[in-house]
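First comes the structure, then the notes that go with it.
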Amino acid sequence: MLKVASVLLLLALHACAASSPDPRPIVKLNYGSFQGNTSGGVTEFLGMPFAAPPVGNLRFEPPRPPIPFNGVRQATSFGAACFQQAISITKINLTVLETIFPELGSLASASPTGISEDCLFVNVITPSNIPHGKKLPVLLWIYGGGFEIGDSSFNPGNTVVARSVALGEPVIHVSANYRLNAFGFLGGKEVKAAGLGNIGLRDQRFAMEWVQQHISAFGGDPSKVTIWGESAGAISVGLQLVINNGNPGGLFHGAVMESGSPYGLPDITAGQPAFDQLVVNTGCSGSSNPIACLRTVPFEQLGAAVNKSSDFFSFTSLNVIWAPSIDGSVIQRNPPNSVEEGLYAKVPVITGDCDDEGTLFSLSNLNITTNAEFSAYLRSNYNFPNSKLAAVSQAYPDDVTQGSPFGTGKANAVTPEFKRLAAVLGDFYFQAPRRFFLQVASKTQKTFAYLYKRGKTQPILGAFHTTDLPEFYGASTSPDFIATDALTQRPKILVSDEGEMKTLSYLNPWSSSAGFPLHPFLCRTMKLISALLLFTRTWGVFSLAWRPIVELDYGTFEGNTTNGVTKFLGMPFAAPPYAYNYACTFHAVLMLVFSIGDLRFSPPQPPVPILGVRQAMAFGPACFQQALSVSKINPTVLKTLMPELESLVPSPDSIAEDCLYINVLTPSDIPKKLPILVSVGQWIYGGGFETGDSSVDQGDSLVARSIALGEPVIYVSANYRLSAFGFLGGKEIKEAGLGNVGLRDQRFALEWVQKYISTFGGDSKKVTIWGESAGAVSVGVHMVVNNGNSAGLFHRAIMESGSPYGLPDILASQSTFDQIVADTGCRGASNPIDCLRSVPFKKLGAAVNRTSDFFSFASLNLVWGPKVDGSFIQRNPPKSIQEGLYAKVPVMTGDCEDEGTIFSLSSLNITVTSNASTNAEFLSYLRDNYNFPSNLLDAVSKAYPENVTQGSPFNTGLANAITPEFKRLAAIQGDFALQAPRRFFLQIVSKTQRAFAFLYSRGKAQPILGAFHTTDIPEFYGASKSPDFIATDALINFAYTGNPNFPKNPISLLSKIEWPAWTASGNPPLLTFVDPSPNVTITFDNYRQEAMELLTNISLEIS
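All letters in the sequence shown, in the order written, are residues -18 to -1, 1 to 1085 by mature numbering (1 follows the signal peptide of the UniProt record, and there is no 0).
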């Protein structure tokens, strides 16, 4: 990005026009003054608004005049692009991609430097020395991209202007953005009734009016304007030719169309399904005025809804959803009808196509392999009449030698119907409409046509769509400027190619009766522009006025700022954990960069490099979520507890195997390097390593609170793989060294933080890892991994409802591994892991869903979770703790008082009464499900007697005893899995480092569950309805100092509380949260002491 210099204070006599010799020229328009830049003999005025920002009530509205401003505005960089629809490159056959793109090699990724709804900017590039009084011809460029993507920065025009100067026939290059997809081409009856069709075309027309009004100030001649476009831009030029009954209104005087013509359009009401779906996906269903409702939808949310629609790389291909349509206003009749009736602008025209226009758009249809499928596709997708299908079949026979790439014989037939379909699509959308237009227009005006046939050796694609662009822009590696010169002068040229002089038929006007002369570019294969170096900065987060951008060494990300918090969401921190090929785009073109091996079940690998700027404004997909068997809970109980149970089951917006994304939330104004809260696995990963997603607890409230305290922190969260995808076990997994990849994902995210967090303003030496439930267990495991050496990855640890408890050996999961192998059809495979890697994502997920979960009868005897694998986890965590092999960092940990209630709902069939002969049912469950030793069952029975008043929810007397054994089982499960491991951990680590403990006892009035697992989360996030921020402030203090008590802050209730460190001697203190908020008290961690010591001994024996 260009560094903008300070605005120079110029005298009024110098602030006149672009013809000033000043290297920092200023142009004065009637709504404001702009300062451009001069280099290389070319003067640029970039990013000037030509219309008011189309936001708020102006969304979907025709463009309005720009807003006047005072002073001089910098115009030295391109403005933001309009919303860019996500293109589904991944739907193309990967084998075909791998075949094609190593041959292309040097394609670039054209990504805009910023995307915003405020995007209506114009750019003017002029020769730097315009003779006094001379007015130059103007080329007005309209970009392509299927009306889904595109930006005026992709083809800046400097080379065209420089070449025109060299020829002695200088021109001015103008380009302007226009709204795309739903923002610019919404359809449906509501849109038609409101008169809001074809807004994108109206933006183009408005830019032409701007040129007429202002181009003379830049030295341009408003009576010599040529409009010029490619692909969707060429179609736009063709439509501008027929708009207003073909009367250009003096807006243009010549037209150039590359790969596009005024072809047939649908009626605007045909866009009704897309409109209705957009309304549904944005939550506007049922609105009395859906357009008004859509105007209130946040930009990112509306964009996400657009991204759910098909695009030109979907199966529907060129049957695009968002495009011009007949609205009865801007476009009053079908363009071919206008052409037939002579209702088109009578201006000189240059038009042409690439030889193999259709190949690129047939890559998403490779499953069409028979004549019947070919005909059915043309009928259903392009509305070919049944009566014409036989004729089409004869005109485009099932003969690969006659298909596209044309003239390549049997080569490039990647499927039996690929070349045939490519031929039809290329002719139907490009070649035939061009020829139809020329047959009529050549009788009334000068028309010149070309055919671009360079690059025919390109495998599969041939001379494909967009490859002529560098020829016209003179931007290839070794340009011959033939087409560039044709743009800027009357063609009277002889060219030398490979040393031989040739006279080109390009000079001859196209004639409907003289053999249709074409200029064929046959000379040599062209290579497109190599990857653009978009940024050369050495610093991190910066602003492009509308949104912050951060540049990492593998990609650049654009975030968003709201309410004082800047968010970078959904950034990949690792490569997608499956087999795939990496591709990038240049306009509508692709390039394979490299292939990635099969990473399913493998440790995380570095993220794939990203070209251009990627938006980071929405959370990435969640990893696979195991289905929870909530329905197995007693229906009466379920009805009572449904709101509470629903909160335990996350509902992410999307789920994918490509899920390793990280999120960074920072204060929008960072004064210094900040402590970082790295959420390795919050409660969202507390679903027993079965469910979870980093989008559930988003961190905004925590960062905002840290700002209010004057102790700003950065919040980080990252996804990790779950269930079989992250915690597969068995001898095969152990031998392959693939255990605990979910924990390795977490560790990899910690390494990412160390490498990159300073770019966001964070202090990599003050990282606190923090988790809840399975996330807290994960934090505990990271404390013992690597023999307790944290390797500088973290410096404090917070564990809510989880500790480094005893783990099974990875071999104990053999039966589950074998079941997954059987259920996926991999039984008998010589390499079952390789076989499982080939199983489709959904099929493997279905097999996972057949295993038990934490709402099954097995409850906390989890199938999926960390295991002692001898590699990542070398020994059982309790043994590491006993041996002092744990990270010596400050610790904050605690539990909810009634941890076990939620996990005992699936065991209500254990209903024995106080009868010694039947007590065996309760004890057998502990023996069979949790491996309690038989010789200790009597002691357990005494420690946790059949007395409901001693069960959990604790201290609720006879209440909540929904079965005779429910409260008893809830007490023992909560203590065995959560309370006892925490106390065991603290008894040791409190001797070597500061440790603080809490007990969450709020919500005891909750029927059946009491203060149950996860209810402390809103307290720490400051996200309850009326937060008291006590735990939030403790967390923020802890991130700064390793002590929740400091610094004292007068606005915090915590400043009035002294939270003592936990000590193993005497009465270990607990900061206890009690009802009503904001009440807290100090209690002692000695309840059920003998009972928990018994459970600890059992756990150690089992381990």
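For each residue, glycine too, the CB sits at the ideal point set by N, CA and C.
Remember, predicted model here, so these are calculated numbers, not experimental data.
Under 7 angstroms, do residue i and residue j count as touching if we go by C-beta distance?
i	j	result
F167	G182	yes
G211	V219	yes
I792	E714	no
S783	D880	no
F410	D337	no
P306	L371	no
F200	V106	yes
W838	S888	Rather than Trp, the amino acid found at residue 838 in this sequence is Ser. Yes, Cβ-Cβ distance for S838 and S888 is below 7 angstroms.
T548	T648	yes
G128	V302	yes
F136	P31	no
R215	G340	Reading the sequence as shown, one finds Gly at residue 215 and not Arg. Contact: no.
T298	N363	yes
A395	K401	yes
P872	R778	yes
Does DSSP put residue i in a helix, in a strand, or in coil?
i	result
I308	strand
Q376	helix
K861	helix
S292	coil
S205	strand
C641	coil
A513	Reliability of the predicted coordinates at A513 is poor, the pLDDT of 21 falling under 50, and no value is obtained from them.
D258	helix
G684	Residue 684 is actually Leu in this sequence, not Gly. Helix, per DSSP.
M599	coil
H235	coil
D851	coil
E540	strand
A(-7)	The predicted position of A(-7) is uncertain, since its pLDDT is 29 and thus under 50; a value taken from the coordinates is nonetheless stated next. A(-7): helix per DSSP, three-state reduction.
G552	strand
D580	coil
G215	helix
F366	coil
I715	helix
P272	helix
E453	helix
F129	coil
L178	coil
G770	helix
Can you tell me where the beta strand (DSSP E) with residue i in it begins and where it stops?
i	result
I884	Unbroken run through I884: none, as it is neither H nor E.
I332	331 to 336
Q778	Note that residue 778 corresponds to Arg in the displayed sequence, not to Gln. Looking at the DSSP string, the run of the beta strand (DSSP E) that includes R778 is 778 to 782.
R55	54 to 56
W123	118 to 124
Y432	429 to 434
Residue i bridges to which residues according to DSSP?
i	result
I1064	L1053
C878	Y982
N19	E26
K401	Its beta-bridge partners do not exist; DSSP assigns none.
H155	I107, L121
W192	W192 is not bridged to any residue.
K10	S15
Any beta carbon of chain E sitting closer than 7 angstroms to that of residue i?
i	result
P35	Of the chains in the structure shown, none is chain E; there is only one protein chain.
Just reading off the alpha helix (DSSP H) that residue i is part of, what are its end residues?
i	result
Q1071	1071 to 1084
S146	140 to 149
V971	962 to 971
T108	Where T108 is concerned, there is no enclosing alpha helix (DSSP H), although the beta strand (DSSP E) it sits in stretches over 103 to 109.
I313	Taken as a continuous stretch (DSSP letters only), I313 belongs to no alpha helix (DSSP H), as it is neither H nor E.
Whole runs of the alpha helix (DSSP H) within the segment 1001 to 1057, excluding any shorter than 4 residues: 1012 to 1023
Runs of beta strand (DSSP E) wholly within the segment 773 to 846 (minimum 3 residues, chain order): 778 to 782
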